[in-house]
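Chains B and W are the protein sequences, given in the same order.
Those letters in the first sequence? Residues 1 to 1045, per the numbering used here, in order.
Those letters in the second sequence? Residues 10001 to 10271, per the numbering used here, in order.
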Amino acid sequence: MDRRTFFKFGAITLGTVITTFALSSNTALASNKEFKTSKSKETSTICPFCGVGCGLIVSTKEGNIINIEGDNDNPINEGSLCSKGSALFQVAVNERRLKHVLYRAPGAKEWEKKDWLWAIEKIAKNIKETRDKTFETEKDGKIVNRTQGIAQLGGAAHDNEECYLLSKFARALGINWLEHQARLCHSSTVAALAASFGRGAMTNHFNDLMNSDVIMVMGSNIVEMHPMATKWIMKAKEKGAKIISSDPRFTRTSSIADIYTKFRSGTDIAYVGGMINYAISNDRIQHNYLLNCTNASFIVNEGYFFNNGLFAGYNPEKRKYDKKMWVYETDAKNNIKKDTTLQHPRCVFQLLKKHYERYDVDTVCNITGTPVDDYLKVCDLFTSTYPENKSATWCYAMGATQHTVGTQYIRTYAILQLLLGNIGIAGGGINALRGESNVQGSTDMALLFHILPGYLACPEPDDVDLKTYIEKYTPKSADPKSANWWGNYSKYITSLLKAWWGENAQPDTDGGYAFNYLPKKSGVNDFMSLFENIYKGKTEGLLIWGMNPAVGGPNLNKERKALEKLKWMVVAELWETETAEFWKRPDVDPSAIQTEVFLLPACSSVEKEGSIANSGRWTQWRYAAIHPGDEGWHGDARSDLWIVDALFKAVRKEYNNGGKFPDPILKLNWDYNSGDNIDVDIEPDVHAVASEINGYFIENGVRKGQVPGFAKLTDDGTSACGNWVYCGGYVSWGNTEGDKSAPNYVKNYLGEFSNRYARRIAEKDEPKTMALISEGRAPGMNHNWSWCWPVNRRILYNRASVDSNGEPLNKERWVIRWNPNLNEGKGAFEGDVPDGPWAPSEKYPFIMTEEGVGRIFSPKPNEGPFPEHYEPLETPISVNPFSEQMLNPVVILYHKGDELNKELNAIGLSNEFPIVATTFRLTEHWQGGAMTRNLAWQSELMPNLFVEISKELATEKNISNGDKVSVITARGKVSAFALVTNRFEPVIIKDNGVEKKIHQIGLPWHYGYSGIATGDSANLLTPHVGDGNTNIPEYKTFLCNIEKV
Amino acid sequence: MENKTEQIALLLDNTKCIGCRGCQTSCKQWNNLSSEKTEFFGGAGYQNPANLSGSTYTLVKFHEVVEDDKLKDWVFWKTQCQHCINPACASVCLVGAIQKSENGPVVWDDSKCIGCRYCMLSCPYNIPKFEWDSVMPQIRKCFLCFDRIEQGQIPSCAKTCPTEAIMYGTRNELIEIAEDRLSSQPDKYYQHIYGLNEVGGTLILNISSIPLEEMGYPKNLTTEPLASRTATSISSISPVVVGLGAALGLFAIITNRKNEIAKQKAKEVLK
């Protein structure tokens, strides 16, 4: 840490004051004591709470953490913190932290203390027993090589290196029931954004919010959930930007908004569909952008139609579409037919226009309950950004993703932003706000059933070998101007297999490069399906890494009950969570629960080293402030990196004596400088993991230098890469050149700079950058602070921000521009790292779609190429004004089966449950709650479950502020304090032409029975139903009733 | 009163406050303050705890602005010691435990405090609090992170604020900024800098979208420094209170004396 720069900002000029500062007479309190942080050691870290990625400085004295406050140098937060970040100290210094391995024998009433070696060996034996018992090598004559008896959850709070090993570990074991928080928070984001633009990530980043003219916050409560984003929103506001907050509830975000509109939860597609209609009918469209950067001019095949809520190709029995009905019309050479006049009745633009003509203002406002005047103000303001020199961004999170049509909510934003020309530009984009510090990284590392690291498809039984797999998943384009970057698929999968099975993966090994060592998935293995499976007794063992599904899962009466059916469960945690102690939860008899439970004490974020990717993909490095044996260390706690390393080595040892299909385990490339045996005093080398994720070259079977970027990866076995999107992040060893601790295999290769995640040069300290910013380059990119995928590109799709000559469309806030003098006179882009190096006229702007453009019409989502409004599973209305189709026609329905199951998956109807309920989060608490409800400071701020209700509903139900009330749904009941507020108002809608008043209430979902601040979990109320693409649960809308206790 | 050296100050702008309460927690973090057992909320909105206390030096409050039965805004503001330029609390303190530092902050010295609570009674803003859970309660309140300021660092709350709703600087600079905001955005601000002249001026300057009085601040405060009325203030305290205060004071003196003797003995043992 550079002391000179440490305290540079945060205050206005103070210089003269400080030096003359003194007390007039006797010195008082402050001067008498030694300054709190004097003589302390400082390490920098990144906040473990939300996905903004704020920096903090940890001060340590004699092995004790004594202070944690904001890192002034970090350009994301510039020293600021919200209440959670400010309380990080209590995560690190807390008597409630786990200090020992705890074991709960089947039927036992209490924990027993155990040591690591005993526990690791016992867990390894359990894994082997279950794996061998349940392993399938073939299914229906096809290779599957998987165990369905073991599942793994968690990882969004872990470092990238830990996530990567968790992913590698699970796949080597043959686990395909592999899921984590991302399924529950942003899985629909990836489905929608990848379907629209080619990548599933937030397009821009937090600092870039300052470049916006209009910031739309719908589906998110950005001020409360990502408080530091507000720093940049406020900077935009100071420059004249306008903020819109659309939310069923007036929130702390609404308090800073210029326009607030309410609406009925679950009607966002109608709301945004109406905005699309408004943009088209008022010609608020960026026409050149539409032609150059989108598929608006593409002609769709004749078979396509849309009628009464259903698209062409629907099969009601299978509840599925035949997507072949939604393809483009092509010529004999396979080129897509286009009509650049946009007049062809089957061109995307005309189909779009026709589809959303039905979303007129009255129909929209009648169903959403938004007052027409308010709604028109929003339409007018947002679409006013269609000129080239204007930008608007859309900020959303769980308010959008967690619906049965979550993917299609986000598709509506994508369509609207493409019409307005707001993708790829500074201050524009679609900002999917991630709520966990590394949920971006954990998703990149593929702790999800359906992908492998770097968004490669998880193979299925039909993918009989590597060749077949590559053929199936590599997109093709006949158009030479389409970069079609996914055309490189073979290099990424081959390099991944080389990283995992090393020299054991040869061209002819098991399906090619050991391809068949990977477990094959059949059907959906997502979070909800997993709990349905556990409930049915089909899962024996569950490994949980820092996740608390007993609070965070939907329909908790069912999911908690399901856990009782596990034979064994392993939880690596900082705290005794609701999940870890489900067997002694209130109102259950532990002796009746036969699950064997291992609770492993893990390290908090300041006690280990590694990288995490924030929501804007900035991947920052964290350092360990204390180490095992230090006075402030928590007993036997070890990092998850250590735990997974130890566990793998123990499993490998078991398989040395034989077992089912041992090759993927025994031949796995797993050596992180911690020796072959398990040693509690040796931490695996996190740098060795980071360098493997980045990738290295292989020559004649020998590891050579680091791969400098993914363009250099190969498919002939001469490169290994754990995750191609991170290739280029860790190009050489150590934090500084020539690090003596580097092992020989990388010491010989030294690039000009090494661990790029650890870079700490903010933009304002770079004169060259500041000069470009003075020439109009958009500020905030901070290219030499950390590193972001892909290739350190800060704004995705930035080729869309320039014209065919490479001139920025907006010269005031440009992202990239073509400079003909660069590259020895051949010309190159300057500014941000361009989305592909080609000259602007050489390639289309969207390099990750095979079409080369952004998709207004997208055949990828399961419920159709255009978003259509469907009602939530539980709806207060009787008629969908847009069609006869009430519910998304492709969602999985779980409410069948035996009687108890039917009851636990019950659906509420509006006659019994007339009130619309939603769940939300609080600034002061975090996710499943363990990380804040165990902190005294945060528990003081938000001690109990409460429910926000309007004054009108309170009067109807005779409820006063502070009363205890029950909230009841078809599935559960919770007790909460009533917070009667003006911030909730009923919405007036029209149902089947009849005016109807709909009350809406909201509850935070953080609470549970463990910790200091306890209360009923709001997820006792939520249903088991998910989105049609990713099965993300519909947490955000359900029906309830409320009663005074 | 004219100050020879420039006063430092905080400008609290509630139009920028987002109610995240980073300041409230960071204050506890820096000052190692404990927490209280709370239930539901201690005030309107999400407020907790109910009051400033020996373990809460700053507290964010919430207020729903309603006009014609319609919600107009939701506002948040930070409460804390206002740091009077001429503090009554310091002038009534019998033992000099509260002092006004030359450049601003009103600081306290718990080695001197006898727990008489005159300061508490004299404060127009009802700020000084005592550690009621302690056997011998002593004064506690915001001291503007005097320790940090001495080291060239800014107060913890000002540093942590994500939106510059808390700004640290010299009082004169901040007054200029406040005046500029009021004049350039007349629709946004209620045209008054609270603390500019109240009780002779305070280091905490508040600007706001609505009058601070609507958010519970004292109304119609004199612009005269209260310290100049100290004599009157003390004489107006009821004899019962004085008696209690004096008794506590005596107790404190005895306890302090005992502590001194104990310390002395400990030193002798070490020899």
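The beta carbon of each residue, even a glycine, is placed where N, CA and C say it ideally should be.
The model shown is predicted, which means the values in this text are computed figures rather than measured ones.
Cβ proximity to chain W below 9 Å picks out G79, S80, L81, C82, S83, K84, G85, S86, A87, L88, F89, Q90 from the segment 79-98 of chain B.
Annotation: N723(B) to G454(B) spans about 5 Å, alpha carbon to alpha carbon.
Segment contact: the segment 471-488 of chain B against the segment 165-183 of chain B, fewer than three CB-CB distances shorter than 8 Å; contact not assigned. Per DSSP, the continuous beta strand (DSSP E) segment holding M216(B) begins and ends at 214-218. Listed along chain B is no residue with a C-beta nearer than 9 Å to that of R10117(W); the closest approach is about 18 Å. The Cβ neighbour count for V702(B), taken over all protein chains shown within 10 Å, is under 16; the residue is labelled exposed.
Closest option to G266(B), judged by alpha-carbon separation, among L893(B), G1008(B), D587(B), M886(B): M886(B). Between the segment 10145-10156 of chain W and the segment 10113-10129 of chain W, the count of C-beta pairs closer than 8 Å stays below three; the two stretches do not touch. Annotation for C395(B): the continuous beta strand (DSSP E) segment containing it runs 392-396. In the three-state reduction of the DSSP assignment, C788(B) falls in the strand class, which pools E and B. A Cβ of chain W is located within less than 8 Å of the beta carbon of W937(B). When C-beta atoms of the segment 683-693 of chain B are compared with those of the segment 634-641 of chain B, three or more pairs fall below 8 Å, so the two segments count as touching.
DSSP assignment within the segment 161-198 of chain B yields the following whole alpha helix (DSSP H) runs of 4 residues or more, N-terminal first: 181-185, 187-197. Within chain W, not a single residue places a beta-carbon under 8 Å from that of I215(B); the smallest gap is close to 14 Å.
In the pairwise beta carbon analysis, the segment 755-772 of chain B is classified as touching the segment 609-626 of chain B: at least three pairs are separated by under 8 Å. For R146(B), the enclosing beta strand (DSSP E) stretches over residues 142-154. Residue contact with chain B for I10018(W): present (Cβ-Cβ distance below 8 Å to some residue of chain B). For E121(B), no beta strand (DSSP E) run applies; the uninterrupted alpha helix (DSSP H) run containing it begins and ends at 116-134, by DSSP. Interface flag for V815(B) against chain W is unset, since no Cβ pair is found closer than 8 Å. The alpha-carbon of N282(B) is positioned some 40 Å away from that of C1040(B). Here N488(B) carries a helix assignment [DSSP, helix/strand/coil]. No Cβ-Cβ contact shorter than 8 Å links S220(B) with R411(B).
With a threshold of 16 other beta carbon atoms within 10 Å, V372(B) falls short and is exposed. At the C-beta level, H158(B) and W545(B) come within 8 Å of one another.
L209(B) and A201(B) do not touch by the CB rule: their CB atoms are close to 16 Å apart, not below 8 Å. Shown here for S804(B): same chain residues with a beta carbon closer than 8 Å to its own, the five before and five after excluded, namely N292, P840, S841 in chain order. Between T10058(W) and the set I10177(W), I10098(W), C10161(W), the nearest pair of CA atoms involves C10161(W). The beta-carbon separation of P590(B) and H100(B), rounded to 20 Å, does not stay under the 8 Å limit for a contact.
Runs of the alpha helix (DSSP H) spanning 4 or more residues and lying entirely within the segment 420-491 of chain B occur at 439-444, 466-473, in chain order. In this structure the segment 73-87 of chain B lies against the segment 46-61 of chain B, because at least three pairs of beta carbons, one per stretch, are closer than 8 Å. Secondary structure of N533(B) (DSSP, three-state): helix.
T923(B) reaches chain W at I10018, G10019, C10020, R10021, G10022, Y10046, counting residues in chain order whose Cβ is nearer than 9 Å.
Taking all protein chains shown into account, W818(B) has 16 or more neighbouring C-beta atoms within 10 Å of its C-beta and is therefore buried. Each residue's CA atom was taken as its position, placing I847(B) and N1031(B) some 28 Å apart.
Chain order gives no chain W residues near M225(B), where near means a beta carbon separation below 7 Å; the closest approach is about 10 Å. Per the coordinates, the alpha-carbon of A478(B) lies some 7 Å from the alpha-carbon of K333(B).
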